[in-house]
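Chemist:
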Amino acid sequence: MTTNRHMTLSFRAFFAGFLLLAGLAVAGTAHAETKIAVVDVQTLMTESKAAKDIERQLKAHRDALEKTFSEKQEALRALDQSLTQRRKDMSAEDFQKEKGSFEKKILEARQMAEKEGRAMDKAAAAAIGQLKKEIIVVVADIADAQGYGLVMTRDNVLLAEKEMAITPAVMAA
């Protein structure tokens with residue numbers, strides 16, 4: 001019985017190998033008939049003019065936010081020092097009232113920072129999404145103009161001829 005099972009497993013392995021080779025032969029034939037291009041989307045997402053412009057805008061916005069938050073933090077620090085110095089001249093009730101107001105300002109500043117951070121993340125995601133859409137449009141235009149029937153991302157290709165790469169053409173568009 002083990003011999004029969006062994007023969008069945010051997011036959012299945014042989015058949016699977018045969019199907020794999022047949023598939024490779026068909027793929028080789030398809031390659032001869034279909035022009036294939038490879039595009040490095042990751043490079044386009046980091047090195048293209050549009051990607052660099054997005055990064056520049058995000059950096060400028062981030063720097064402006066950091067400056068604003070730094071100024072707000074400094075103002076809160078000064079207010080804290082003032083409150084600490086005035087504490088001895090204040091009644092306990094007045095101090096608690098001022099302290100509550102101060103803590104409210106800290107909370108508001110924290111909430112504003114979180115809100116601005118979320119807004120910036122959302123804007124960055126939208127810009128990156130738009131860049132991806134534009135890359136797809138440009139790749140489709142190049143594929144159509146040059147007769148490519150299949151365009152694959154570099155991430156999905158182990159080896160490719162340099163002539164298949166259209167990343168420079170997409171970058172230039």
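Here this note's numbering is used: position 29 in the sequence shown is 29, and no number is missing along the way. Heads up, the beta-carbon is just placed ideally off N, CA and C, and yes, glycines get one too. Please read these numbers as outputs of a predicted model, since none were measured by experiment.
1. Cutting at 7 Å between CB atoms, please list the residues of its own chain near glycine 153, excluding the five before and the five after it.
2. Could you name the residues of the same chain whose beta carbon sits closer than 7 Å to that of alanine 143, not counting the 5 residues immediately before and after it, in chain order?
3. Just mark valine 137 as buried or exposed, buried being the case when its beta carbon has 16 or more other beta carbons within 10 Å.
4. Quick one: using the 10 Å Cβ neighbour count with 16 as the cut-off for buried, is serine 48 buried or exposed?
5. Can you tell me whether leucine 159 is buried or exposed? The criterion is at least 16 other CB atoms within 10 Å of its CB, across all chains shown.
6. Look at the Cβ atom of alanine 124, then the Cβ atom of leucine 65, and state whether they are nearer than 9 Å.
7. With 16 as the cutoff for other CB atoms within 10 Å, does threonine 167 come out buried or exposed?
8. Report the residue ranges of all alpha helix (DSSP H) runs contained in full by the segment 74-138; include only those spanning at least 4 residues, in chain order.
9. Quick test of your reading: alanine 120 and histidine 61, contact by CB under 8 Å. State the CB separation rounded to the nearest angstrom.
10. DSSP three-state call for alanine 140: helix, strand or coil?
11. Among the candidates Ile54, Val157, Glu93, whose CA atom is the shortest distance from the CA of lysine 132?
12. Under a three-way DSSP split, which group does alanine 160 fall into?
13. Cα separation between glycine 117 and glycine 149?
14. Count the other CB atoms within 10 Å of the CB of leucine 107; is the residue buried (16 or more) or exposed (fewer)?
Modeler: Let's see:
1. As a working mapping, residue 153 is identified with position 153 in the sequence shown. A quick correction: the sequence has threonine, not glycine, at residue 153. Counting only Cβ-Cβ distances below 7 Å, and skipping sequence neighbours, we find Val39, Val41.
2. Residue mapping note: residue 143 aligns to position 143 of the sequence shown, counting from 1. Cβ neighbours of alanine 143 beyond the five flanking positions: Ala37, Val151.
3. On the sequence shown, residue 137 is found 137 positions in, with the first residue counted as 1. It is exposed - the Cβ of valine 137 has fewer than 16 other Cβ atoms within 10 Å.
4. Residue mapping note: residue 48 aligns to position 48 of the sequence shown, counting from 1. Its Cβ being crowded by 16 or more others within 10 Å, serine 48 is buried.
5. In the sequence shown, residue 159 corresponds to position 159, counting from 1. Looking at its Cβ environment, which holds fewer than 16 other Cβ atoms inside 10 Å, leucine 159 is exposed.
6. Your numbering for residue 124 matches position 124 in the sequence shown. Your numbering for residue 65 matches position 65 in the sequence shown. It is not a contact, given that the beta carbons lie outside the stated cut-off.
7. On the sequence shown, residue 167 is found 167 positions in, with the first residue counted as 1. By the 10 Å Cβ count, threonine 167 comes out buried.
8. none
9. What you label residue 120 is simply residue 120 of the sequence shown in a count that begins at 1. What you label residue 61 is simply residue 61 of the sequence shown in a count that begins at 1. Checking the displayed sequence, the identity of residue 120 turns out to be methionine instead of alanine. Yes, they are in contact, since the Cβ atoms of methionine 120 and histidine 61 sit about 6 Å apart, within 8 Å.
10. Counting from 1 along the sequence shown, the entry for residue 140 is found at position 140. In this structure, alanine 140 counts as helix in the three-state DSSP scheme.
11. Position 132 of the sequence shown, counted from the first residue, corresponds to residue 132. With distances taken between Cα atoms, lysine 132 lies closest to Ile54.
12. Counting from one through the sequence shown, the residue named residue 160 turns up at place 160. In the structure shown, alanine 160 sits in coil (DSSP, three-state: anything other than H, G, I, E or B).
13. On the sequence shown, residue 117 is found 117 positions in, with the first residue counted as 1. On the sequence shown, residue 149 is found 149 positions in, with the first residue counted as 1. Taking the straight line from one Cα to the other gives about 42 Å.
14. Translated into positions along the sequence shown, residue 107 becomes position 107. Leucine 107 comes out exposed.
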